[in-house]
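Trainee: Okay, here's the structure, questions in a sec.
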Amino acid sequence: DSQAGPHRCERINPITWRPCNIVFSRPYDFTRHEDTIHDINKPKARCNICTDEKTFRRQDALIRHSRRCHPGVDFPRQPRRGTPKSRQLT
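Per full-length UniProt numbering, residue 1 is the first one in the sequence shown, and the count goes up by one each step.
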């Protein structure tokens, strides 16, 4: 069964150049890890407030950082992905 864990990442981490060896219990988490950590061509999300050019591989990580490190700043909400209301069947 391909859904059964554990799922171990044996790829080389492009930052540390060491094998990841991270274990995931769900295949979705393993795939997300491969897509965000090992895809060096994927654009990074950047914090426009930090002066040290802080970047993140995923938008949710940038949002979490922003809420934790810049709590007084009001960030615009991103629309959720999905079918726009104008295209939904009623």
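Ideal Cβ positions, reconstructed from N, Cα and C, are used throughout, including at glycine.
Since this is a predicted model, take the numbers as computed values, not measurements.
Please state whether DSSP places His38 in a helix, a strand or coil.
Mentor: Note: His38 maps to coil in three-state DSSP.
Trainee: Who are the Cβ neighbours of Glu53 in its own chain at under 6 Å, not counting the five residues just before and after it?
Mentor: Once the five neighbours on either side are set aside, Glu53 has no close Cβ partner at all.
Trainee: Contact check, Ile37 vs Arg57 under 8 Å by CB: the rounded distance?
Mentor: About 6 Å separates the two Cβ atoms, so the contact holds.
Trainee: In the structure shown, what three-state DSSP assignment does Ala61 receive?
Mentor: The answer is helix: DSSP assigns Ala61 an H, G or I state.
Trainee: In this structure, does DSSP put Thr31 in helix, strand or coil?
Mentor: Thr31: helix per DSSP, three-state reduction.
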